[in-house]
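Shown next, in structure tokens, is the structure this report addresses.
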Ligand code: SAM
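Residue numbers (my numbering): 3 to 331.
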């Protein structure tokens, strides 16, 4: 099992497949000035497979596909099938905004995807559109239904909470767990990339204790559930008599760096050592200069060893070079 220099077991790799997205969430992607990675600069399905094989070979067992919006990759089913076939990868998931899930959910499941997290910030069509710019509720909701019909369990919905945009919508989102066996998780804003989205993430920040209070004041007390795994970044609760789970992911008000088990690969082929730090290791150059599984495994072990101990948001430091859509969340 790979361990970093602070003794943390790092066994979870998040692969960003693309930095393009079909939405422009206010805290993630600006409307103007975007420059996307050219398609020939994205890692190919075969290169992604090499990275995943290298990771599995040194003890990684969990992989999550992300973006940008991973469903925009035309070869997504091929990527899933390739990773699915790797011995040692026991958990393969994807994070998506669900816009294209109505058509894709069943083929994704057949290709071997096991778990899916769907990002939805509001159940109100107008407010959804305002926060997840270009987002339209109906197809996203149909995407969630399609994921459930395709057999993804549990359905996990993620909402980023943004003051003056959707902080009151947390009640309706949490209410979904009363009758549905779903996990609805509330994520605190993080300032990434140094631009307008980072500024908004600071100015519109809502701490999760406030979100929790808002939910409890309407829906009743939340009872804490035991952690399923130490590395779960979500603190999980249940509403009275609810079928599902309400979770809080609180990187700012309750950081979980001490149990971080993640390594990230950006769409342009860099191991990104910590979400909130700029340090990277260029694996694409190695791949395109003849490096195979063994070379990538060596680089990954070095990247693991170099992981920073934790973020320094409280001291005003964050990643300056990349926005969330360029790292994958
Ligand atoms: N397009 C997919 C989606 O919307 O989930 C996957 C990529 S997106 C970058 C991954 C996650 O990042 C989103 O689900 C959202 O929760 C989170 N995210 C984006 N910007 C964020 C920010 N500034 N602070 C906290 N979370 C953020």
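Every residue, glycine too, gets a C-beta built ideally from N, C-alpha and C.
Report buried or exposed for residue i, applying the criterion of at least 16 other Cβ atoms within 10 angstroms of its Cβ.
i	result
residue 29	buried
residue 319	exposed
residue 109	exposed
residue 260	exposed
residue 193	buried
residue 191	buried
residue 3	exposed
residue 14	buried
residue 206	buried
Can you find a heavy atom of the ligand SAM that lies under 7 Å from the Cβ of residue i?
i	result
residue 38	no
residue 14	no
residue 79	no
residue 118	no
residue 330	yes
residue 8	no
residue 159	no
residue 146	no
residue 142	no
residue 3	no
Looking at the unbroken beta strand (DSSP E) that takes in residue i, where does it start and where does it end?
i	result
residue 59	Note, residue 59: premise wrong, no beta strand (DSSP E); alpha helix (DSSP H) at 47-59.
residue 68	64-68
residue 339	Because the chain is modelled from 3 through 331, residue 339 falls outside the range shown and cannot be assessed.
residue 18	14-18
residue 194	Note, residue 194: premise wrong, no beta strand (DSSP E); not H, not E.
residue 289	Counting along the chain, residue 289 falls outside any beta strand (DSSP E), though it belongs to the alpha helix (DSSP H) covering 285-289.
residue 159	158-162
residue 273	272-274
Along the chain, where does the alpha helix (DSSP H) that runs through residue i open and close?
i	result
residue 298	295-307
residue 145	139-151
residue 174	172-181
residue 201	198-205
Quick check: is any heavy atom of the ligand NAD less than 7 Å from the C-beta of residue i?
i	result
residue 121	The model on display carries the ligand SAM but not the ligand NAD.
Quiz item: Which parts of the stretch 208-267 are runs of the beta strand (DSSP E), unbroken and 3 residues or longer, counting only runs that do not cross its ends?
Solution: As far as the stretch 208-267 is concerned, its whole beta strand (DSSP E) runs of at least 3 residues are 236-240, 247-251 and 264-267.
Practice problem: Could you pull out every unbroken beta strand (DSSP E) segment of at least 3 residues lying fully inside the stretch 71-132, listed in chain order? | Solution: With a minimum length of 3 residues, the continuous beta strand (DSSP E) runs that stay inside the stretch 71-132 are 93-98 and 117-121.
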